[in-house]
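**Student:** Handing you a structure now.
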Amino acid sequence: MEKEFTCFFTGHRKLPVGRIKEIRQILSDKIEYLIENKGVENFIAGGALGFDTIAAEAVIILKEKYPFIKLYLYLPCYDQSKLWKPEDKYRWRIIMTKVDDYEYITEDVYTKGCMQKRNYKMADDALYCISYCVISRSGTGMTMNYAGERGNIIENIADEIYS
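Sequential numbering from 4 applies to the sequence shown in the numbering used here.
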């Protein structure tokens, strides 16, 4: 996977319920822009709840129009979904049947730092980043800072929604 043709997603797990439709639309538009104008073919999601889930679902939907694009999941640990609600586990299982590949970033169950390690690997492996961040002092904020320091091109959907 070539970095210059790869985009990763980072965002909060809790999204404003009244804005999810708007977030999905902007996200889809940004993904299509990258495909059509920047030659991006690879998309990496972290497999978490919230923004990661809707980003993965957006790529899956767009694969119908752009069958050459690929969706990869970088999973922080083996038991990531252990405490999730049944309906979230169900969505997760559907996504897992439609990804092109996935990789566990740590070869263990949850440990302190495994999420950050996953986030930084996504930034290291991609040039582009589509995010949803409204709280800069968060894992998403830290990931965006890291990505910015590494030269990633970042689009924060929250900037459009709340401008």
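Don't be surprised by glycine CBs; every beta carbon is placed ideally from N, CA and C.
Out of K73, L37, I38 and F54, point me to the one whose CA is closest to P19's CA.
**Tutor:** Minimum Cα distance to P19 is reached at F54.
**Student:** Could you tell me if M125 is buried or exposed, where buried requires 16 or more neighbouring beta carbons within 10 angstroms of its beta carbon?
**Tutor:** Its Cβ being crowded by 16 or more others within 10 Å, M125 is buried.
**Student:** By the three-class DSSP mapping on this structure, what secondary structure does T114 have?
**Tutor:** In the structure shown, T114 sits in coil (DSSP, three-state: anything other than H, G, I, E or B).
**Student:** Grab me the residues of I72's own chain with a C-beta within less than 7 angstroms of its C-beta, minus the 5 sequence neighbours each way, in chain order.
**Tutor:** Cβ neighbours of I72 beyond the five flanking positions: I38, E44, F46, V62, L65 and K66.
**Student:** Output the residue ranges of the alpha helix (DSSP H) runs that lie fully inside the region 6-44 and measure 4 residues or longer, sorted by chain position.
**Tutor:** Counting only runs of 4 or more, we get 23-41.
**Student:** Checking the sheet assignment: what are the DSSP bridge partners for E106?
**Tutor:** The partner list for E106 (beta bridge, DSSP) reads Y77.
**Student:** With a threshold of 8 angstroms on Cβ separation, who are the neighbours of Y149 within its own chain once the five nearest residues in sequence on each side are excluded?
**Tutor:** Taken in chain order, the residues that qualify are N122, Y123 and A126.
**Student:** Return the first residue and the last residue of the alpha helix (DSSP H) that I138 is part of.
**Tutor:** Segment: none, I138 is in no alpha helix (DSSP H) and carries neither H nor E.
**Student:** Using 8 angstroms for Cβ pairs, my map puts L78 next to Y105. What's the rounded Cβ distance?
**Tutor:** Correct: roughly 6 angstroms between the Cβ atoms.
**Student:** Between L130, G14, G142 and L76, which has its C-alpha nearest A161's C-alpha?
**Tutor:** Residue G14 is the option with its Cα nearest to A161.
**Student:** Does DSSP put Y131 in a helix, in a strand, or in coil?
**Tutor:** Here Y131 sits in strand by DSSP.
**Student:** According to DSSP, simplified to helix, strand and coil, what is E158?
**Tutor:** If DSSP states are grouped into helix, strand and coil, E158 belongs with the strands.
**Student:** Would the beta-carbon of Y131 fall within 9 angstroms of that of N159?
**Tutor:** No, the Cβ-Cβ distance between Y131 and N159 is not below 9 angstroms.
**Student:** Which of helix, strand or coil does DSSP assign to I97?
**Tutor:** I97: helix per DSSP, three-state reduction.
**Student:** Which of the three DSSP states is assigned to F46 in this structure?
**Tutor:** Looking at F46 - three-state DSSP - the assignment turns out to be strand.
**Student:** Quick check on the burial criterion: 16 or more other C-beta atoms within 10 angstroms. Buried or exposed for I138?
**Tutor:** By the 10 Å Cβ count, I138 comes out exposed.
**Student:** Output needed for K17: all residues of its chain with C-beta closer than 7 angstroms, excluding positions within five of it in sequence on either side, in chain order.
**Tutor:** Contacts found: G53.
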